[in-house]
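Have a look at the structure below, then the notes.
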Amino acid sequence: MVKPILDRTDKAYTGLLNMSTHLPKSSGVIVNTFVSLEIRAIKALSNGVCVPEAPTPPIYYIGPVIAADDRNRWWRKLHKPRVFNEIAVGLEEERTEVLVGGAQPTQTKTQASASQNCRRNPIWIALLPEGFLERTKDRGLVVKSWAPQTAVLKRESVGGFVTHCGWNSILEAVTAGVPMVAWPLYAEQRFFKQGSVGEEMKLALWMHESEDGFVSAAEVEKQVRGWMESEEGKAIRKRTLP
Numbered sequence: 001m002v003k004p005i006l007d008r009t010d011k012a013y014t015g016l017l018n019m020s021t022h023l024p025k026s027s028g029v030i031v032n033t034f035v036s037l038e039i040r041a042i043k044a045l046s047n048g049v050c051v052p053e054a055p056t057p058p059i060y061y062i063g064p065v066i067a068a069d070d071r072n073r074w075w076r077k078l079h080k081p082r083v084f085n086e087i088a089v090g091l092e093e094e095r096t097e098v099l100v101g102g103a104q105p106t107q108t109k110t111q112a113s114a115s116q117n118c119r120r121n122p123i124w125i126a127l128l129p130e131g132f133l134e135r136t137k138d139r140g141l142v143v144k145s146w147a148p149q150t151a152v153l154k155r156e157s158v159g160g161f162v163t164h165c166g167w168n169s170i171l172e173a174v175t176a177g178v179p180m181v182a183w184p185l186y187a188e189q190r191f192f193k194q195g196s197v198g199e200e201m202k203l204a205l206w207m208h209e210s211e212d213g214f215v216s217a218a219e220v221e222k223q224v225r226g227w228m229e230s231e232e233g234k235a236i237r238k239r240t241l242p
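Written out as structure tokens, the structure reads:
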């Protein structure tokens, strides 16, 4: 369980308790998932494990429901298959090219130091040293706000995806057949380590936090290299790539 759910004084605990109390009283529940992705969870729901003292309402699994459009034609003109690896950080075995996009960052510039230790090419994050974009403009692409993620992940040139494990991002990566390095931050994102993309389905490698809750540049480099080079990383790519 994630820490906020274990703290009875936390609003997250109160919110989950309230939702869990009222969901069994509903006429039905629509869930954006599918059986082959969350076998254990769906089996538990179907067997009434989650509502042991009352009938479980009808549950409809309608996933994966993914927003998609065809407006991002600029992406089609870029790169050959499996050369361009997207993320918020990405690498590829022969040549590393990176697309970075995201909201306002919360970590420090030291994260970009991982790029200095990776000889292939840089590992990027949202906060970058002065002049970094100019020095690396011929080796990657930075999207300064939100990247067109669904369109990007569908491209054959995408080799991997470092994600904070929002559910939409997971569904987009799974349906596109893109292996992941998982970097959950809060809320339900941490649940997936034991479930759909973690120990159960094994579709991702996982970042490990320090005691202060942050992920170091060395850890980012380690896990991305592991995804590229380790036997576990190769197995994940084999399971996910179409």
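Numbering (full-length UniProt numbering), first residue to last: 1 to 242. Every residue, glycine too, gets a C-beta built ideally from N, C-alpha and C.
1) Which first and last residues belong to the alpha helix (DSSP H) in which R146 is found?
2) Cα-Cα, which of R135, L16, R239, I170 is closest to Q149?
3) In the DSSP assignment, the alpha helix (DSSP H) including I170 goes from what residue to what residue?
4) Alpha helix (DSSP H) containing Y186: first to last residue?
5) Closest by CA to A180, which one among S26, K137, E172?
6) Look at the Cβ atom of M207, then the Cβ atom of V220, and state whether they are nearer than 9 Å.
7) Answer yes or no: do T33 and P64 have a C-beta to C-beta separation smaller than 9 Å?
8) Go through its chain and collect everything with a Cβ distance to Y215's Cβ below 7 Å, but skip five positions before and after it.
9) How big is the Cα-Cα spacing for K222 and S230?
10) Tell me, which residues are paired with A182 by DSSP?
11) So who's on the other strand from I30, going by DSSP bridges?
12) May I ask you to report which of helix, strand or coil DSSP gives V197?
13) Would you decide whether A54 is buried or exposed? Buried here means 16 or more other CB atoms lie within 10 Å of its CB.
14) With DSSP run on the structure shown, which of helix, strand or coil describes V65?
15) Between L17, Y13, L133, which has its C-alpha nearest K144's C-alpha?
16) Which residues in the same chain have their Cβ closer than 8 Å to the Cβ of K193, if we skip the five residues on either side of it in sequence?
17) What residue from V224, F191, R239, V35 has the CA that sits closest to F161's CA?
18) Could you check the C-alpha separation between I59 and T9 for me, to the nearest Å?
19) Quick check on the burial criterion: 16 or more other C-beta atoms within 10 angstroms. Buried or exposed for M19?
20) Using 10 angstroms around the beta-carbon of A147, count the other beta-carbons present and answer buried if the total reaches 16, otherwise exposed.
21) Considering only their Cβ atoms, is the gap separating L16 from I5 smaller than 9 Å?
22) Check this for me: beta carbons of L203 and V174, under 9 Å apart or not?
Reading it off the structure:
1) A small correction: the amino acid at residue 146 is Trp; Arg does not occupy that position in the sequence shown. Element bounds for W146: n/a, residue is neither H nor E.
2) I170
3) 167-176
4) Unbroken run through Y186: none, as it is neither H nor E.
5) It should be pointed out that residue 180 corresponds to Met in this sequence rather than to Ala. Ranking the options by Cα distance to M180, first place goes to E172.
6) yes
7) yes
8) The identity of residue 215 in the sequence shown is Val, whereas the question assumes Tyr. Only W183, M207, E209 meet the Cβ criterion.
9) 10 Å
10) T163, W206
11) Y60
12) coil
13) exposed
14) coil
15) L133
16) A182, P184, E199, W206
17) V224
18) 31 Å
19) exposed
20) buried
21) yes
22) yes
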